[in-house]
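Here's the structure we're looking at; comments come further down.
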């Protein structure tokens, strides 16, 4: 959508759960990551030839180790997609200034996008005190405002659902809705925003991610959109 050279490759667009809040790599960020990756393989000199001489297993190991590299401490969310593309400007900004292709588009997100990740990160219940501490440390300048918007449920000893809602709104739903409005306000009528809230009713379809059973976790809409649920016996 924001790359003019790709204009002839598609006529319509569907953006499934696009995490617009996750920044993409700038050229500077990408160079830092590349140099770190090369150093793990002792390929600082004659880099390309050196990398080509490495075994696939060595490349895979260095790739995995690079995921923990702090590319830019001002962009903590880069950790979620270390090997993303390199861009001159963040996509949200390009939509805001009108630098996108005018093509029919549908975009949206699920109601529980972040549940998959939050429950994977916190494998035990998060009490109210820890929830408050978590926000105070993570976003000290806005922690109180966020807690006013998303107050802890004191009747529940586990605040993971609330944390999931915050992350879903911040990373997915709010930015996606913002982009949809930006496209519409720039004169494009055929833009459609959706919120997907249909969970798979069968048990154990999420395998090791059991906390997503009967919930609309990230990726849970794909079988519905493409009609592939029956291939998995659902």
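In the working numbering, the protein residues as written are 54 to 287.
Virtual Cβ for every residue (Gly too), placed ideally from N, Cα, C.
In this text the structure is predicted, and so the values were computed from the model without any measurement.
- Task: In angstroms with no decimal places, state the Cα-to-Cα distance between residue 251 and residue 175.
- Result: Near 24 Å, if we compare the C-alpha coordinates of residue 175 and residue 251.
- Message: According to DSSP, is residue 203 part of a helix, a strand, or is it coil?
- Response: coil
- For residue 221, which residues of its own chain have a beta-carbon under 6 Å away from its beta-carbon, when the five flanking residues on both sides are left out? 166 and 167
- Query: Are the CB atoms of residue 94 and residue 111 nearer to each other than 9 Å?
  - Reply: yes
- Item | Whole beta strand (DSSP E) elements within the region 66-151, 3-residue minimum | 66-69
- When you compare only the Cα positions, how much space is there between residue 236 and residue 210? One alpha carbon belongs to residue 236, the other to residue 210, and they sit about 41 Å apart.
- Taking the continuous alpha helix (DSSP H) assigned at residue 162, which residues delimit it? Segment 158-163 is the beta strand (DSSP E) holding residue 162; no alpha helix (DSSP H) there.
- Message: Taking the alpha carbon of residue 64 as the reference point, which residue from 152, 267, 54 and 70 has its own alpha carbon closest?
- Response: 54
- Say whether the region 252-261 touches the region 181-190, bearing in mind that this needs 3 or more beta-carbon pairs closer than 8 Å, one atom from each stretch. no
- Which listed residue (199, 281 and 158) has its alpha carbon closest to that of residue 241: 158
- Residue from 271, 229, 61 and 58 whose Cα sits closest to the Cα of residue 148: Taking only the C-alpha atoms, the option nearest residue 148 is 229.
- Helix, strand or coil for residue 192 per DSSP? coil
- Task: Could you check the C-alpha separation between residue 74 and residue 215 for me, to the nearest Å?
- Result: 19 Å
- Item | Span separating the alpha-carbon of residue 76 from that of residue 98 | 30 Å
- Query: Ordered along the chain, which non-local residues of its own chain (more than five positions away) have a Cβ less than 6 Å from that of residue 267?
  - Reply: 252
- Message: Within the continuous beta strand (DSSP E) that includes residue 249, where are the two ends?
- Response: 244-249
- Would residue 249 pass as a contact of residue 151 if the rule is Cβ separation under 9 Å? no
- Segments assigned alpha helix (DSSP H), at least 4 residues, entirely inside the region 257-281: 275-279
- Task: Have a look at residue 141 and residue 79 and give me their C-alpha separation to the nearest angstrom.
- Result: 6 Å
- Query: What are the start and end residues of the alpha helix (DSSP H) that includes residue 218?
  - Reply: 213-220
- Task: Report the option in 113, 180 and 226 whose CA atom is closest to the CA atom of residue 246.
- Result: 226
- Message: I'd like to check one pair, residue 163 with residue 262: are the Cβ atoms closer than 9 Å?
- Response: no
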